[in-house]
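Residue numbers (my numbering), protein chains in the order written: chain V, 8 to 513; chain R, 8 to 513.
All C-beta atoms, glycine included, are put in the ideal place defined by N, C-alpha and C.
See structure below.
Number of protein chains: 2
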Amino acid sequence: MTSREAVTRLHEIDRELQLLEHANALLMWDEETYMPEKSIDERSQQVGLLQAIIHDRLTSPEVGDLLAAAGASESDPRGDAVLPDESRAFLRALHRKHRREVKLPGELVSELVRAAMIGQAVWREARARSDFSHFAPQLRKLVDLTIRKAEYIGFVDHPYDALIDEFEPWATTAQVRSIFAGLEKRLEGLVGRIRAARKVDDAFLEADYPVDKQAEFSRMLLAGMSYDLTRGRLDQSAHPFTTTLGRDDVRITARYNHNFVKTGIFSVIHEAGHALYELGFSESIRGSLLAAGTSLGIHESQSRLWENIIGRSEPFWRYYLPQLARLFPSQLHGVSLERFYRGINKVEPSLIRIEADEVTYSLHIILRFDLETRLIAGELAVDDLPEAWNRRTKELFGILPDNDASGVLQDIHWSMGSFGYFPTYALGNLYGAQFAAAMRAAIPSLDHEIASGNLRVILEWLRREIHVHGAALTATELCERVTGQALSAEFFLTYLEQKYAPIYDL
Amino acid sequence: MTSREAVTRLHEIDRELQLLEHANALLMWDEETYMPEKSIDERSQQVGLLQAIIHDRLTSPEVGDLLAAAGASESDPRGDAVLPDESRAFLRALHRKHRREVKLPGELVSELVRAAMIGQAVWREARARSDFSHFAPQLRKLVDLTIRKAEYIGFVDHPYDALIDEFEPWATTAQVRSIFAGLEKRLEGLVGRIRAARKVDDAFLEADYPVDKQAEFSRMLLAGMSYDLTRGRLDQSAHPFTTTLGRDDVRITARYNHNFVKTGIFSVIHEAGHALYELGFSESIRGSLLAAGTSLGIHESQSRLWENIIGRSEPFWRYYLPQLARLFPSQLHGVSLERFYRGINKVEPSLIRIEADEVTYSLHIILRFDLETRLIAGELAVDDLPEAWNRRTKELFGILPDNDASGVLQDIHWSMGSFGYFPTYALGNLYGAQFAAAMRAAIPSLDHEIASGNLRVILEWLRREIHVHGAALTATELCERVTGQALSAEFFLTYLEQKYAPIYDL
């Protein structure tokens, strides 16, 4: 069998894997949106079975043999050098996925799934009771299993390398640590200056904002962002999310809070940013495993660029505030553009990550990254975690959690065994700002376009420069190609410093 | 391996098959309700793949070996006599399904799927143009493939036996023909007397009935019928249907016509009748292939019993008309119970099956059964079909189709290769009336209960006598058990004659 023949057969196998992944995504989307409540048990069995079928196919000896026949190996996952670039990108991605899954014994995978299921239930109860000790034994188990997982997958430097790679392929602990170190220092400086500065009023955001009007405004935003409802949907769910159910089916959900208009609006922009990425892959990779975000960090760069850099900009609301005010005339009566703009950009050190503003947000991530790398390296014991959490919170934010629920127990990730996920949120901020700087250089009239409601120029640039590539380029390759240099926190920090100086008269 | 061990393993395999069937049902439900329009191509690929996986598992040599090890064979599909009754019922159902699928060469199945796909497209165009000759070549192909299918499956008497068995397991052509013969004669007599009798006024059903109010009334009806929305949903789709997505997830859809209140109301009662059956299987068979309607005829008996025998009864509207009138005060102003009751029960020979009343409906089926058995037996050529259709329509209804679209081209079934499906609709009418007679005998206060809105007694009786069994009893066994005798058209005819005599002053 020639390497080309092997690639052709692998494409067929991959195509079916993608169809199964999409079917599974529908099962999960439905669970969060429309499924009757009593069906939850069977639904998890359906999902479990499809996942097992996907796992069996991905790790089948046939796939291993075909990868070998195509010349893909640990030393060169891109395979036979005679193959076209696109095949080599495909092989690299498939080899990585296959390799990760075959290395894990089925037994360990099942144990992790079980531990995560129990973990979430126990975590929910512990958080409700605000009692870390209730969660600690199960978390210890999850950490131990995760360390074993890292060992099976293998790593050169740090066991956490094997974990972060699941969410941010090819990233390493050392790389992230070095970027975060510079980020932390300058962010702390900025936060300090903001805390010492004037106060910002955002009381007008907390009024009665009827949910149906918020949904109407959301649809207006989606139209402005060119999110195509013949290839997607907007529904409501307890937690907003984006999911891909097909090449032409990328759906988002929103949650509206009728007492607080910010939640719904910015989460819709955020999720639409994710969705536009998934809808923009080039024709040649559509339907394959390359039709995916190349990393969670890059995915998050798309959502955060839209949500924060565009969606919280002054030109954006120059265009959209009058439309919002038409829907909420009494709630926004007398609120000027300047007041609105400052209000939605209020910065305040706080305890809860998901409520954090764009300046302090990355500090929440740095705290988690720091603690989880130490947990995985065996340098921090689970029992010492609350104390370490509180100490770091005090250092970074100048405040102390009132209790475990608003501290170490606030996030679900560890209870699900998702170690290595957190840093991707902050990487998203950095990639997003670095991409935005390149976009701004390429489109000198950007602010003018945004203020005219012409968001299409943004989508076109993102699509051409980023979306089309899907996972054919790694995050690093993409970043070099789009911005001409490696990832750096500089762009994000400059963006923040320039944006917040006038807001806070710094 | 003992027969018991074989049964245990078969239950495991079956359990996963059911999970996959339910996942597939979600893909199809979503396609009809919420899927973005551009996703249709990929969705059919997803469904095709899951169906192929289900087929491969069902026809695997392992299943064949296990069935043999359990003692299930052509001569005794119920397997080893030492097994408990429930296992024997399970083996019979699985053996039948396995046997039907293994007998069909994969090549023929693919050819049929392709021909049906093209068939539907061509049929749609032919119907739009009202031109049978455009559909004829593809229909010939479908008939030929279906005859080959019947030959592969095998039959004793008539090739149609192999086809009807797909939808009405264990039924035979001769049996259905003999029942339909008696039915036709007496229905024609009744229709003749009604045509000669007084006219019924139903003009008030055609007014502007806002759809949201119709949906509100539908939810009221569903509550009255004890359709549990924690185990189901009501959505809207182009054609109403019921689908089972899990043991605790049976959904229905409705289509409301804002100019005609009958369509929506009665289709909701109809679909809820189907859904209540699927929600009522006994705990011991839930999640297995026995948790299914035992035949389409029995399934249809449940929907039609609710829709026609209960839903179009006078006591039912004694309770519900005031509630309907509260929602539509102007539309139903001055409409008495008697006028309403007569209006919803208007009988009129017509050309279109799906618009037919409960008296003439079965004649539409008899026509189709007659023609399709002759097509399959090679006694009627496809080219002669329109003429045969029109002649029989004239005989049965005294009217002639204006064109092919309102005649031979009106139904989608043949274009999908679904030969053998039609009779189940009429069998449903007969089983429904026979069950209703038994229920009436068991609950002397039935009309009083219905008029008090106490529909729960009906559900309880149906559940206890019919639903719990699922497919553990065949349609014939169930009928004997519930009514003490074999299926007979007598109950249905008596029901109609007694009901319509006062309505039409016969």
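Of all residues in the segment 28-49 of chain R, only H29, A30, N31, L33, L34, W36, D37, T40, Y41, M42, P43, E44, K45, S46, I47, D48, E49 come within less than 9 Å of chain V when Cβ atoms are compared, listed by chain position. Taking 9 Å as the CB threshold, R/T260 stays off the interface with chain V.
Within chain R, not a single residue places a beta-carbon under 8 Å from that of V/T250; the smallest gap is close to 12 Å. The C-beta of V/G239 comes closer than 9 Å to at least one C-beta of chain R. Three or more beta-carbon pairs drawn from the segment 473-491 of chain V and the segment 275-288 of chain V are found closer than 8 Å, and the two stretches are therefore classed as touching.
For V/R258, DSSP records a beta bridge to V/T250.
In chain order, S46, E49, R50, Q53 make up the part of chain V whose C-beta sits under 8 Å from the C-beta of R/G253.
No Cβ of chain R is located within less than 9 Å of the beta carbon of V/D63. Within the segment 364-389 of chain R, not a single complete beta strand (DSSP E) segment reaches 3 residues in length. Residue range 268-285 is occupied by the alpha helix (DSSP H) that includes R/L283.
R/F442 and R/L74 have their alpha carbons spaced roughly 34 Å apart.
For V/L57, the neighbours in chain R by C-beta distance under 7 Å run, in chain order, A30.
Within a 10 Å sphere around the beta-carbon of V/K156 sit 16 or more other beta-carbons, which makes this residue buried. Membership of R/Q58 in the alpha helix (DSSP H) is indicated by the continuous run 47-65.
Classified as exposed, R/L513 has fewer than 16 neighbouring CB atoms from the shown chains inside 10 Å of its CB.
Each of V/D172, V/I406, V/Y511, V/F248 was checked against the Cα of V/A32, and the nearest Cα belongs to V/F248. As computed with DSSP, R/N264 is found in a beta bridge with R/F267. Of the candidates R/W324, R/L194, R/E386, R/L194 places its Cα closest to the Cα of R/Y507. The beta carbon of R/L469 lies closer than 8 Å to those of L283, Y284, G287, Q309, L312, F442, M446 in the same chain, with the five residues before and after it left out. Contact between R/I383 and R/A433 does not hold, since the beta-carbon distance rounds to 18 Å and is not under 8 Å. Within the segment 469-498 of chain V, contact with chain R at the beta-carbon level (separation under 7 Å) is assigned to no residue. For V/I20, no Cβ of chain R is located within less than 9 Å of the residue's own Cβ.
Taking R/I125 as reference, the option from R/L170, R/K148, R/E108, R/G199 with the minimal CA-CA separation is R/K148. Where V/Q25 is concerned, the enclosing alpha helix (DSSP H) starts and stops at 10-40. For V/E285, no Cβ of chain R is located within less than 9 Å of the residue's own Cβ.
At the C-beta level, V/T250 and V/R258 come within 9 Å of one another. Taking a 10 Å sphere around the C-beta of V/V415, we find 16 or more other C-beta atoms and assign the residue as buried. The closest CA to that of R/S94, considering only R/F142, R/L297, R/D172, R/E132, is found on R/L297. Excluding five sequence positions before and after V/Y234, the CB atoms of its chain that fall closer than 7 Å to its own CB belong to A279, A282, L283, given in chain order. R/R11 has its alpha-carbon roughly 47 Å from the corresponding atom of V/H246. In the displayed model, V/L241 falls within a strand according to three-state DSSP. Residue contact check for V/D219 against chain R: no CB pair falls below 9 Å.
Secondary structure note for R/D454: its alpha helix (DSSP H) is the uninterrupted segment 453-458. In terms of beta-carbon proximity, R/L26 lines the interface with chain V, with at least one pair separated by less than 9 Å.
When Cβ pairs closer than 8 Å are counted between the two stretches, the segment 253-270 of chain V is seen not to touch the segment 311-330 of chain V, the count staying below three.
Put simply, of R/H102, R/E386, R/A230 the residue whose alpha carbon is nearest the alpha carbon of R/D72 is R/H102.
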